[in-house]
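Here the structure is laid out as structure tokens; the discussion comes afterwards.
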Amino acid sequence: CTKWGLFLCTALPDLSGRNLQDRKMQNRRVVADDVRLARQINVLCDTLTDVIESKESFVAELEMLGGKFVSRKMAEFIKDMLNKDVPNLMKLQILGREFELRATEKNIFIEKLKGERVASVIVAHIDNAVPVFLTLVDWCLSTVSEEDQRCVSGGICDVSSKFVHAFSINRARDSSASGMLGFK
Numbered sequence: 055c056t057k058w059g060l061f062l063c064t065a066l067p068d069l070s071g072r073n074l075q076d077r078k079m080q081n082r083r084v085v086a087d088d089v090r091l092a093r094q095i096n097v098l099c100d101t102l103t104d105v106i107e108s109k110e111s112f113v114a115e116l117e118m119l120g121g122k123f124v125s126r127k128m129a130e131f132i133k134d135m136l137n138k139d140v141p142n143l144m145k146l147q148i149l150g151r152e153f154e155l156r157a158t159e160k161n162i163f164i165e166k167l168k169g170e171r172v173a174s175v176i177v178a179h180i181d182n183a184v185p186v187f188l189t190l191v192d193w194c195l196s197t198v199s200e201e202d203q204r205c206v207s208g209g210i211c212d213v214s215s216k217f218v219h220a221f222s223i224n225r226a227r228d229s230s231a232s233g234m235l236g237f238k
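Under the working numbering, think of the first position of the sequence shown as 55, with each following residue one higher.
If you want it as structure tokens, here you go:
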């Protein structure tokens, strides 16, 4: 009997001969299964240890090469790819510069509009301000570039025509009301 088998044999109450032999056989099977499982676990542990050691050595090899070899190869690869595609690279650079220029122009235009908006708000609150407003529109159009005028001329013309129309309606209503009261 093994250690476990002896332990199980002594722990059991004294049974008749046949039951005792059955228990011993069952205990031996359990011990044999445990030994088989222990061997399988040991084989798996050895396999995993080998795999881990090979991976560790591979990682150590990569770390050793990482600072020098991989960076140099990557730089060579990028240089080769860029040399093959010089026309497209130049097109991309030109497009990038155009977009930067457009963004700068838009920012300048927005800054100009910020100043014009303040002036138009001031004019909108003045009574009988049609000539002043039209003068302001002329001044705004003279200060912005031709491209900016094309972008906003429709909007300014619409605003100015609505303002003049509203002013003339108010003027006509005021004059008719004053005529009814006898004022001229």
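Cβ atoms here follow ideal geometry from the backbone N, Cα and C, with glycine treated the same way.
| Item | Value |
| --- | --- |
| Can you grab the Cα-Cα spacing for the pair V85 / A114, in whole Å? | 42 Å |
| Applying the 10 Å Cβ sphere with the 16-neighbour rule, what's the burial state of N96? | exposed |
| Leaving out five residues on either side along the sequence, give the residues of the same chain with a beta carbon under 7 Å from the beta carbon of L74. | none |
| Just mark N161 as buried or exposed, buried being the case when its beta carbon has 16 or more other beta carbons within 10 Å. | exposed |
| Could you give the distance in angstroms between the alpha-carbon of E110 and the alpha-carbon of D100? | 15 Å |
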